[in-house]
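What follows is a single structure, written as structure tokens, with notes after it.
In the numbering used here, the protein residues as written are 176 to 675.
In structure tokens, the structure reads:
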């Protein structure tokens with residue numbers, strides 16, 4: 176039997192009211208909570224519980240919980256319970272009578288006070304029967320998730336509610352049954368997927384390297400192989416669907432050219448990467464129009480005569496922060512390089528370098544908030560590539576804290592970072608599946624310590640898959656990179672939105 180939540184009663188409750196009055200007069204002195212036991216007590220005592228105990232869902236989704244009992248050999252003649260929930264997060268949309276009583280076809284199922292953060296549900300038989308024993312469902316409730324958040328599914332059977340059995344003739348009083356109560360819990364699914372799009376500009380290597388977001392769209396940068404050599408590719412996409420708003424490509428040289436990262440403020444889009452114009456890789460930095468993608472200013476920087484790359488960019492009201500690596504020590508010993516530049520001219524404000532090992536080390540991305548600059552990348556200090564994360568001073572670039580993580584004994588690298596008021600979001604790859612089957616790795620870490628809050632992995636193919644860039648707003652976390660689903664030698668852009 177189904178009951179829509181907007182109805183207060185499904186059946187007449189006259190008999191139920193008489194039973195409750197009788198119960199008040201005879202047992203009010205007996206029933207003062209002593210029949211409700213702690214969850215930890217022996218499970219031979221009857222139990223009323225929420226099933227499943229914990230539910231994870233995303234906003235816009237629905238889920239159903241069952242209120243169940245395990246009576247053992249004790250017969251159940253009547254019940255009444257309250258279920259409290261967080262109505263700012265959950266909306267109760269449907270309630271259905273369970274089969275434990277409904278199969279008898281001689282009961283009085285009723286519902287009251289829905290839609291105010293709690294609901295009262297009860298049932299009693301309308302004939303003299305012992306009542307069912309064992310395990311069964313009393314009621315099923317369906318909720319929709321209205322907002323990100325959590326909710327205790329708080330099951331209350333305090334006086335005058337509870338579980339009752341039928342007493343002896345001739346009066347057949349309702350006798351309260353001592354029982355255990357087990358609550359449930361709802362939580363939205365942090366890190367879970369909201370939408371995903373893929374695009375394959377060429378039959379060669381195409382990679383989405385980074386992402387930024389503002390109120391008008393998602394900005395994605397990377398490179399494609401459409402011209403036969405790697406070139407910069409920049410796109411603006413819809414926040415809600417991931418559809419393309421505008422797209423730009425740019426080929427500074429006939430060699431390797433890659434856009435590695437993007438940041439955005441109210442004045443423009445900042446893109447950094449490499450070009451091969453000198454004959455060796457050099458840093459390239461651009462500021463572009465929000466609405467058209469046209470160039471506002473462009474800078475290049477060549478610290479050495481070997482490979483140098485700008486990998487990450489962030490912006491605040493005081494400047495543009497750019498990170499990457501240079502080959503000043505040697506071609507086989509690259510070092511982290513971090514700069515703060517003027518947002519209107521691109522001129523250098525400060526510059527820092529750090530060399531964690533005598534092998535290949537690189538800073539890959541940067542994010543900024545009012546307390547510091549967050550830089551991620553990799554170092555070779557353990558003899559294999561591992562994640563490296565630092566927080567540095569806004570004004571001087573000096574170190575505040577540093578963390579490293581080595582998910583596998585093979586190559587692992589942190590490629591992208593973003594920050595909001597709740598944490599630092601870091602993405603990259605690890606080689607846990609195998610050295611030839613890398614997977615996306617996504618983490619949320621503490622702003623103050625760098626410790627892990629949550630971690631997710633995703634392995635779209637059996638080949639190389641890597642997450643390169645991340646951005647965050649109030650509605651979700653945007654992650655970009657590539658996967659190898661098209662086949663060996665043909666990577667494609669992959670763009671995801673996930674819960675924060």
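Backbone N, C-alpha and C define an ideal beta-carbon position, used for all residues, glycine too.
Nearest-angstrom Cα separation, counted from residue 272 out to residue 313: Straight-line measurement puts the Cα of residue 272 at about 6 Å from the Cα of residue 313.
Through-space distance from residue 599 to residue 628, alpha-carbon basis: Rounded to whole angstroms, residue 628 and residue 599 show a C-alpha spacing of 9 Å.
Would DSSP call residue 432 helix, strand or coil? Residue 432: coil per DSSP, three-state reduction.
Less than 8 Å between the C-beta atoms of residue 579 and residue 537, yes or no? Contact annotation: residue 579 and residue 537 have beta-carbon atoms that are not nearer than 8 Å.
Residue nearest to residue 603 in terms of C-alpha spacing, selected from 657, 597, 651 and 400: Of the candidates 657, 597, 651 and 400, the one whose C-alpha sits nearest the C-alpha of residue 603 is 657.
Looking at the secondary structure, which residues open and close the beta strand (DSSP E) in which residue 608 lies? From DSSP, the beta strand (DSSP E) with residue 608 extends over 598-609.
Using 10 angstroms around the beta-carbon of residue 606, count the other beta-carbons present and answer buried if the total reaches 16, otherwise exposed. Around the beta carbon of residue 606, a 10 Å sphere encloses 16 or more other beta carbons of the protein chains shown; the residue is thus reported as buried.
In the structure shown, what three-state DSSP assignment does residue 274 receive? Residue 274 carries a helical assignment under DSSP once its states are collapsed to helix, strand and coil.
If we ignore side chains and look at the alpha-carbon of each, how far apart do residue 180 and residue 393 end up? The predicted model places residue 180 with a pLDDT of 37, which falls under 50 and marks its position as unreliable, so this point remains unresolved.
In the segment 407-457, which residue ranges form an unbroken beta strand (DSSP E) of at least 3 residues, counting only runs that do not cross its ends? Unbroken beta strand (DSSP E) runs of no fewer than 3 residues, entirely contained in the segment 407-457, are found at 419-425, 433-440 and 443-450, following chain order.
Could you spell out the range, first to last residue, of the beta strand (DSSP E) harbouring residue 339? Counting along the chain, residue 339 sits inside the beta strand (DSSP E) bounded by residues 337-341.
Within 10 angstroms of its Cβ, does residue 451 collect 16 or more other Cβ (buried), or is it exposed? So residue 451 counts as buried.
At the level of alpha carbons, what is the spacing between residue 285 and residue 419? Cα to Cα, residue 285 sits roughly 52 Å from residue 419.
Would you call the CB atoms of residue 502 and residue 482 closer than 8 Å? One thing to note: residue 502 has its Cβ within 8 Å of the Cβ of residue 482.
In terms of alpha-carbon separation, which member of 326, 524 and 573 lies closest to residue 546? Looking at the Cα atoms, 573 is the closest of the given residues.
Starting from residue 392, follow the beta strand (DSSP E) in both directions and report where the run begins and ends. It spans 392-399 - the beta strand (DSSP E) in which residue 392 sits, taken as one unbroken run.
In chain order, what residues of the same chain lie with their CB nearer than 6 Å to the CB of residue 531, ignoring the 5 residues before and after it? Counting only Cβ-Cβ distances below 6 Å, and skipping sequence neighbours, we find 554 and 556.
In three-state DSSP terms, what is residue 254? Strand.
Might you give, ordered along the chain, the residues of its own chain that have their beta carbon closer than 7 Å to the beta carbon of residue 256, omitting 5 neighbours on each side? Excluding residues within five positions, the ones whose Cβ falls inside 7 Å are 223, 242, 296, 330, 331, 332 and 336.
Coil, strand or helix - residue 504 by DSSP: The three-state secondary structure of residue 504, taken from DSSP, is strand.
Apart from the five residues just before and just after residue 560, which ones in its own chain have a Cβ nearer than 7 Å to its Cβ? Closer than 7 Å at the Cβ level, and outside the excluded window around residue 560, lie 553, 586, 587 and 588.
Please state whether DSSP places residue 484 in a helix, a strand or coil. DSSP places residue 484 in strand when its eight states are reduced to three.
Inter-residue Cα distance where the pair is residue 267 and residue 439: Cα to Cα, residue 267 sits roughly 40 Å from residue 439.
What's the gap between the Cα of residue 131 and the Cα of residue 235? Residue numbering for the chain in the displayed model covers 176 to 675; residue 131 lies beyond these limits and cannot be assessed.
Roughly how many angstroms lie between the CA atoms of residue 311 and residue 608, to the nearest whole one? Counting only the Cα atoms, residue 608 lies some 43 Å from residue 311.
Mind reading off the beta-carbon distance from residue 327 to residue 340? Whole number of angstroms is fine, and I expect it under 8 Å. No, residue 327 and residue 340 are not in contact; Cβ-Cβ is about 29 Å, not under 8 Å.
Residue closest to residue 372, alpha-carbon to alpha-carbon, out of 624, 660 and 675: The closest CA to that of residue 372, considering only 624, 660 and 675, is found on 660.
Measuring only the C-alpha atoms, how far is residue 522 from residue 473? Their backbone Cα atoms lie some 11 Å apart in a straight line.
Taking DSSP as the reference, what is the three-state secondary structure of residue 376? Under the three-state reduction of DSSP output, residue 376 falls in the coil class, being neither helix nor strand.
Top-ranked residue by Cα proximity to residue 675, from 622, 597 and 423: Minimum Cα distance to residue 675 is reached at 597.
Which runs of the beta strand (DSSP E), 3 residues or longer, sit entirely within the segment 609-660? Listed in chain order, they are 612-620, 627-633, 641-648 and 651-658.
Looking at the unbroken beta strand (DSSP E) that takes in residue 243, where does it start and where does it end? For residue 243, the enclosing beta strand (DSSP E) covers residues 237-245.
Looking only at its own chain, which residues have a Cβ that is under 7 Å from the Cβ of residue 203, when we skip the five neighbours before and after it? The pLDDT assigned to residue 203 is 34, lower than 50, so where the model puts this residue is not dependable; a value taken from the coordinates is nonetheless given after this. If we look at residue 203 and ignore the five residues flanking it on each side, it has no Cβ neighbours.
Thinking just about the alpha-carbon of each residue, which of 564, 632 and 648 is nearest to the one in residue 626? It is 564 whose Cα lies nearest to the Cα of residue 626.
Please state if the CB of residue 221 and the CB of residue 316 are separated by a distance shorter than 8 Å. If you check the CB distance, residue 316 and residue 221 do not come in under 8 Å.
Rounded to the nearest angstrom, what separates residue 668 and residue 655 at their Cα positions? Distance between the alpha carbons of residue 668 and residue 655: 7 Å.
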